[in-house]
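Comments concern the structure below.
Protein chains in written order, with UniProt numbering: chain G, 1 to 340; chain X, 1 to 340.
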């Protein structure tokens with residue numbers, strides 16, 4: 001790229017020289033690893049080092065369209081690595097390999113792209129994940145909004161781990177790993193120009209180190225990371241998959257005062273707000289204290305707490321401070337589009 | 001979805017009820033398979049049935065942003081399955097599993113989405129590929145152009161197969177599996193309103209059945225599917241990876257008369273035009289006839305032909321009808337943006 005090219009041009013997506021240069025000078029440098037450096041159209045991964053007999057492969061994908069692309073606590077690149085790594089980790093897998101597909105709008109500043117790519121590289125490196133294959137498309141100005149990133153991820157689930165919502169039982173405890181709604185509140189504050197000087201940051205983080213110790217524990221039934229739709233969406237997924245209900249004690253929900261302030265100002269509930277660094281776990285009553293202790297051992301789970309339990313009545317209910325219980329509905333739509 | 005909802009709305013991407021309904025009524029029905037039906041956030045794939053000791057995993061991704069989304073010979077959905085399956089197949093893998101990430105523009109007709117999803121499902125089914133995990137995002141009107149699809153794919157490469165551009169040798173033969181530029185010409189004719197009644201269709205197809213027999217053959221050194229950037233881009237990739245050059249005999253290039261007509265009208269070269277159903281293979285001189293014969297056994301490779309050979313001189317050259325040779329440069333940009 002010459003000094004004059006300060007923005008993404010259609011040529012960067014053409015399969016020609018300009019694209020080759022961007023791949024070499026930006027992506028290969030940042031994501032440097034032996035699989036990517038082979039320069040084949042796909043990565044070739046050895047299974048030998050990956051797995052023991054009986055292990056299963058976890059495979060997941062997410063596209064990231066967050067607006068704005070830079071926010072307190074991260075950017076769309078960091079999010080694209082964290083989000084997909086977390087989907088692997090909550091299935092019990094060790095996140096190993098990511099693919100990365102960029103859709104770039106003509107005119108995107110190359111400096112912004114470099115910052116995003118650097119954040120992806122650093123986040124992946126810190127988490128021991130390799131970005132092994134990728135693709136770049138450029139569309140005309142106005143045909144996309146700055147940058148969209150898709151990542152797909154592969155990890156290996158050890159034979160002994162069988163976390164699934166179908167294994168949830170009545171009497172199980174529902175645990176969250178920390179404060180609710182930090183990501184949603186940070187984006188809302190920024191995007192809607194609420195102008196609140198709150199210091200609220202996205203909780204965007206790779207959760208695999210916090211989750212890994214749970215894999216050797218009996219009584220862990222199901223894990224999910226509570227992103228779009230918040231903890232409420234996960235509770236409804238657990239309820240639908242198990243056929244049981246969940247009763248949540250509203251007074252136990254961990255919410256930062258600043259996040260609560262934003263919610264009250266707008267009449268929204270933090271349980272519906274997106275997180276990017278929090279899990280919901282359903283565990284047996286016997287395993288509850290051990291799970292809380294293991295989560296709290298990690299800085300990512302310092303505020304882990306039990307928020308409710310699984311009930312025979314197949315509704316998701318919220319029990320308030322006065323003991324009155326009301327059914328918690330899944331909203332038809334989330335308050336915030338393009339939150340991830 | 002009620003009868004009144006004829007288009008994609010922001011609610012379809014919200015993580016709420018509307019999104020759950022679209023996933024159930026459209027995606028799960030179309031892509032029906034046991035992995036997807038588990039309704040976990042990622043698929044859990046058994047390694048046992050996949051692989052023998054020493055086999056490697058192929059992992060690849062592409063985003064599809066083609067404009068227009070419907071075209072003679074296919075649509076963006078069919079393309080998204082074929083393109084990624086072909087990237088797996090040219091690495092020597094049997095395509096097995098796909099992920100699928102949709103980015104939808106608010107206002108996209110649900111009928112169009114259904115057609116696209118149905119084409120993906122049918123193409124995957126015909127090719128024995130399962131779409132095992134997915135994601136849907138919706139962005140506001142004007143923040144994307146109708147629909148973008150990312151697919152990532154996993155397949156297993158048998159132990160004995162070691163196709164790689166680094167194994168190319170001087171004297172190797174360069175083979176294409178059929179006519180050049182059909183996809184690019186079909187899109188160009190449609191999009192630029194050339195109004196030519198040519199019957200030119202995209203060659204969009206899953207090539208795995210044509211490629212599979214080559215895996216038991218000695219002397220196959222490298223395969224690529226010639227998409228964006230055309231055969232020319234692949235020749236330059238092979239040259240860069242091997243350190244050798246390639247000399248192409250212009251008179252042997254298979255081009256349909258109608259495609260040649262479009263090219264001459266616009267002053268473009270079919271060797272730079274995109275294909276979505278053609279491979280370029282570099283094989284030993286000893287293997288040449290056998291490879292041609294195996295390719296021609298498949299209806300997808302009926303027009304397979306040798307177009308040139310690998311040279312010590314590290315340039316890509318085109319030898320014309322009069323025997324004059326000129327260097328073939330990689331264009332700075334491809335003539336057609338959003339061709340795939």
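Note that beta-carbon positions come from the ideal geometry of N, C-alpha and C, so glycine has one too. The model shown is predicted, which means the values in this text are computed figures rather than measured ones.
### Query
Of all the options G:249, G:272, G:247 and G:248, which has the alpha carbon lying nearest to the alpha carbon of residue 259 of chain G?
Stepping through the first chain from its first residue, residue 259 of chain G is reached at position 259. Looking at the Cα atoms, G:272 is the closest of the given residues.
### Query
Along chain X, which residues have their Cβ under 9 Å away from the Cβ of residue 139 of chain G?
Taking the first residue of the first chain as 1, we reach residue 139 of chain G at position 139. Chain X residues near residue 139 of chain G: 65, 67, 144, 145, 148, 337 and 338.
### Task
Please state whether DSSP places residue 274 of chain G in a helix, a strand or coil.
As a first step, residue 274 of chain G is located in the first chain; it is residue number 274 there, counting from the start. Of the three classes helix, strand and coil, the one that applies to residue 274 of chain G here is coil, per DSSP.
### Message
Considering only their Cβ atoms, is the gap separating residue 90 of chain X from residue 223 of chain X smaller than 7 Å?
### Response
Counted from its first residue, the second chain places residue 223 of chain X at position 223. Counted from its first residue, the second chain places residue 90 of chain X at position 90. Yes, the pair counts as a contact, with Cβ atoms nearer than the cut-off.
### Task
Would you tell me roughly how many angstroms separate the C-alpha atoms of residue 9 of chain G and residue 192 of chain G, rounded to the nearest one?
The residue given as residue 9 of chain G occupies position 9 in the first chain. The residue given as residue 192 of chain G occupies position 192 in the first chain. If you take the alpha carbons of residue 9 of chain G and residue 192 of chain G, they lie about 30 Å apart.
### Task
Taking only the alpha-carbon atoms, compute the straight-line gap between residue 236 of chain G and residue 330 of chain G and give it to the nearest angstrom.
Within the first chain, residue 236 of chain G is the residue found at index 236, counting from 1. Within the first chain, residue 330 of chain G is the residue found at index 330, counting from 1. When rounded, the distance between both Cα atoms is 7 Å.
### Query
Counting contacts by CB-CB distance shorter than 7 Å, is residue 2 of chain X in contact with chain G?
The residue you call residue 2 of chain X lines up with position 2 of the second chain. With a pLDDT of 49 at residue 2 of chain X, under the threshold of 50, the modelled position of that residue is not reliable, and the figure given next carries that caveat. Closer than 7 Å: no.
### Query
Just curious, the alpha helix (DSSP H) that residue 209 of chain G is in, first and last residue?
Taking the first residue of the first chain as position 1, residue 209 of chain G is located at position 209. Run containing residue 209 of chain G: 208-211, per the alpha helix (DSSP H) assignment.
### Query
So residue 61 of chain G packs on residue 152 of chain X, CB below 8 Å; how close in whole Å?
Taking the first residue of the first chain as position 1, residue 61 of chain G is located at position 61. Taking the first residue of the second chain as position 1, residue 152 of chain X is located at position 152. The Cβ separation is near 6 Å, so the contact holds.
### Query
So, is residue 352 of chain G buried or exposed, given that buried needs 16 or more other C-beta atoms within 10 angstroms?
Residue 352 of chain G lies beyond the residue range present for chain G, which begins at 1 and ends at 340; the question has no answer from this structure.
### Query
So is residue 103 of chain G in contact with chain X if we call contact Cβ pairs under 7 Å?
For this step, residue 103 of chain G is matched to residue 103 along the first chain. Judged by the 7 Å Cβ criterion, residue 103 of chain G is in contact with chain X.
### Task
List in chain order: all unbroken beta strand (DSSP E) runs of 3+ residues lying wholly within the region 144-186 of chain G.
147-157 and 173-176
### Spatial distance of residue 309 of chain G from residue 241 of chain G (CA atoms)
Sequence index remark: in the first chain, residue 309 of chain G carries index 309 (1-based). Sequence index remark: in the first chain, residue 241 of chain G carries index 241 (1-based). The straight-line gap from Cα to Cα measures roughly 15 Å.
### Message
Which same chain residues end up closer than 6 Å to residue 293 of chain G when comparing Cβ atoms and leaving out the 5 residues on each side of it in sequence?
### Response
For the purposes of this step, residue 293 of chain G is identified with residue 293 of the first chain, where counting begins at 1. Excluding positions up to five away in sequence, the list is empty.
### Task
Buried or exposed for residue 2 of chain G, please, with buried defined as at least 16 other CB atoms from any protein chain shown within 10 angstroms of its CB.
Translated into positions along the first chain, residue 2 of chain G becomes position 2. Summary for residue 2 of chain G: the model assigns pLDDT 49, below 50, so the residue's position carries little reliability; its value from the coordinates is reported in the next sentence. Per the 10 Å Cβ criterion, exposed.
### Message
With a threshold of 7 Å between beta-carbons, can residue 183 of chain G be considered close to chain X, or not?
### Response
Translated into the one-based positions of the first chain, residue 183 of chain G becomes position 183. Not one chain X Cβ lies under 7 Å of residue 183 of chain G.
### Query
Once you ignore the five residues that flank residue 256 of chain X on each side, which residues in its own chain have a CB closer than 6 Å to its CB?
The residue labelled residue 256 of chain X in the question sits at position 256 within the second chain. Closer than 6 Å at Cβ, skipping near neighbours: 179.
### Message
Check whether the region 165-179 of chain G and the region 282-290 of chain G touch, using three or more Cβ-Cβ pairs below 8 Å as the test.
### Response
yes
### Query
For residue 87 of chain G and chain X, any beta-carbon pair shorter than 7 Å?
Taking the first chain and counting its residues from 1, one reaches residue 87 of chain G at position 87. At least one CB of chain X lies nearer than 7 Å to the CB of residue 87 of chain G.
### Task
Count the C-beta pairs between the region 202-209 of chain G and the region 122-129 of chain G that are closer than 8 Å, then say yes if the count reaches three, no if not.
yes
### Task
Using a cut-off of 7 Å between C-beta atoms, extract the partners of residue 332 of chain X located in chain G.
What you label residue 332 of chain X is simply residue 332 of the second chain in a count that begins at 1. For residue 332 of chain X, the neighbours in chain G by C-beta distance under 7 Å run, in chain order, 11, 16, 17 and 18.
### Message
Run through the DSSP bridge pairs and tell me what residue 226 of chain G is partnered with.
### Response
Here residue 226 of chain G is taken as the residue at index 226 of the first chain, counted from 1. In the DSSP output, where bridge partners are listed per residue, residue 226 of chain G has none listed.
### Query
Cβ atoms of residue 276 of chain G and residue 203 of chain G: under 7 Å apart, would you say?
Taking the first chain and counting its residues from 1, the one referred to as residue 203 of chain G is at position 203. Taking the first chain and counting its residues from 1, the one referred to as residue 276 of chain G is at position 276. Against a cut-off of 7 Å, the Cβ pair of residue 276 of chain G and residue 203 of chain G comes out as a contact.
### Beta-carbon proximity of residue 137 of chain X to residue 63 of chain G, cut-off 7 Å
Residue 137 of chain X sits at position 137 when you count from the first residue of the second chain. Residue 63 of chain G sits at position 63 when you count from the first residue of the first chain. Yes. Within cutoff.
### Query
Taking 7 Å as the CB-CB cut-off, is residue 126 of chain G touching chain X?
Taking the first chain and counting its residues from 1, one reaches residue 126 of chain G at position 126. Closer than 7 Å: no.
### Message
Quick check: what's the CA-CA separation for residue 296 of chain X versus residue 302 of chain X?
### Response
For the purposes of this step, residue 296 of chain X is taken as residue 296 along the second chain, with counting starting at 1. For the purposes of this step, residue 302 of chain X is taken as residue 302 along the second chain, with counting starting at 1. Residue 302 of chain X has its alpha-carbon roughly 4 Å from the corresponding atom of residue 296 of chain X.
### Query
Within 7 Å (strictly less), CB to CB, does residue 133 of chain G reach chain X?
Reading the first chain from its first residue, position 133 is the one you call residue 133 of chain G. The beta carbon of residue 133 of chain G sits closer than 7 Å to some beta carbon of chain X.
### Query
According to the neighbour-count rule (16 or more other Cβ atoms, all chains shown, within 10 Å of its Cβ), is residue 109 of chain X buried or exposed?
Translated into positions along the second chain, residue 109 of chain X becomes position 109. With fewer than 16 Cβ atoms within 10 Å of its Cβ, residue 109 of chain X is classed as exposed.
### Task
Could you name each continuous alpha helix (DSSP H) segment of 4 residues or more that falls completely within the UniProt domain "PurM-like N-terminal" (52-157) of chain G, going from the start of the chain to the end?
Secondary structure remark: continuous alpha helix (DSSP H) runs of at least 4 residues inside the UniProt domain "PurM-like N-terminal" (52-157) of chain G, in chain order: 76-89 and 110-127.
### Query
If you run the structure through DSSP and keep just helix, strand and coil, what is residue 18 of chain X?
Working through the second chain from its first residue, we reach residue 18 of chain X at position 18. Helix.
### Query
residue 229 of chain X versus chain G: which residues are under 9 Å apart at the beta carbon?
As a first step, residue 229 of chain X must be located in the second chain, where it is residue number 229. The contacting residues are 14, 15, 16 and 19.
#### Entry: Pair within 7 Å by beta-carbon distance, residue 148 of chain X and residue 103 of chain G
Position 148 of the second chain, counting from 1, holds the residue named residue 148 of chain X. Position 103 of the first chain, counting from 1, holds the residue named residue 103 of chain G. In this structure, the beta-carbon distance from residue 148 of chain X to residue 103 of chain G falls below 7 Å.
### Query
Does residue 346 of chain X come within less than 7 Å of chain G when only Cβ atoms are used?
There is no way to answer for residue 346 of chain X, as the model of chain X reaches only from 1 to 340.
### Task
Can you give me the Cβ contacts of residue 215 of chain G inside the same chain, cut-off strictly under 8 Å, excluding the 5 residues immediately before and after it?
Translated into the one-based positions of the first chain, residue 215 of chain G becomes position 215. 92, 158, 160 and 161.
### Local conformation of residue 327 of chain G per DSSP, three classes
As a working note, residue 327 of chain G is residue 327 in the first chain. Of the three classes helix, strand and coil, the one that applies to residue 327 of chain G here is strand, per DSSP.
### Query
Can you tell me the Cα-Cα spacing of residue 76 of chain X and residue 155 of chain X, whole angstroms?
Position 76 of the second chain, counted from the first residue, corresponds to residue 76 of chain X. Position 155 of the second chain, counted from the first residue, corresponds to residue 155 of chain X. Cα to Cα, residue 76 of chain X sits roughly 22 Å from residue 155 of chain X.
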